[in-house]
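The C-terminal position of the sequence shown is numbered 128 in full-length UniProt numbering, with every residue numbered one higher than the one before it. Cβ atoms here follow ideal geometry from the backbone N, Cα and C, with glycine treated the same way. All values derive from a computational prediction rather than experimental measurement.
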Amino acid sequence: MSAQEYEMIQEEDEGSLKRYRTQSMQEMHERLSFGPAFEEVKELESGDAFLEVIEKEHHMTLVIVHIYQHGVKGCEQLNSYLDCLALEYSSIRFCRIDAVATGAAERFTSEVYVAVFVVTLLRITVRS
């Protein structure tokens, strides 16, 4: 094999490698930017809506649900934070539901609603 033939093969290999890298980067970008942009916190009206959003959302979409109670200061603050986070992380489905609508108000005291959010976040994160 001559030096000229070797250089031609080398250039062809480099071109193929560059095309492969470009294609791989494009595929990775498509995988990471799939699906809709939510950009807001969805208010869930019932326990059925709560189950539906968890069960029917795309399996790669992270869903965060805050179970809150009106008048609880920590819940009000967390709802404000979620509004900001929903704008910044539009690929995540942020939702909230009043504890009365889920029946949680009967089972928990008002001090645990922020903690319920953290437990839900950890469970969903581990699932993915």
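Nearest to residue i (by Cα), restricted to the options the options
i, options, result
"Val112", "Ile92, Cys95, Arg96, Gly74", "Gly74"
"Glu39", "Ser2, Glu106, Ser90, Ser46", "Ser90"
Neighbour-count burial assignment, residue i, 16 or more Cβ in a 10 Å radius
i, result
"Ile67", "buried"
"Leu122", "Only weak support is given to the placement of Leu122: the predicted model assigns it a pLDDT of 49, under 50, and the question is left unresolved by the model."
"Ala86", "buried"
"Ile64", "buried"
"Ser128", "Reliability of the predicted coordinates at Ser128 is poor, the pLDDT of 47 falling under 50, and the value obtained from them is presented with this limitation in mind. Answer is exposed; the Cβ neighbour count stays below 16."
"Gln4", "exposed"
"Ala37", "exposed"
"Gln23", "exposed"
"Gln69", "buried"
"Leu51", "exposed"
"Met1", "exposed"
Nearest-angstrom Cβ-Cβ length linking residue i and residue j, presumed shorter than 8 Å
i, j, result
"Val41", "Phe108", "In fact, because the Cβ distance is near 21 Å, the residues do not count as touching under 8 Å."
"Thr102", "Gly47", "5 Å"
(message) Does the contact criterion of 3 or more C-beta pairs under 8 Å hold for the region 48 to 63 versus the region 9 to 21?
(response) no
(request) Evaluate the contact criterion for the region 77 to 88 versus the region 20 to 30: three or more CB pairs, one atom per stretch, below 8 Å. (result) no
(request) Could you tell me which uninterrupted beta strand (DSSP E) segments, each at least 3 residues in length, are contained entirely in the UniProt domain "Phosducin" (1 to 118), listed from first to last along the chain? (result) 41 to 44, 63 to 68, 93 to 98
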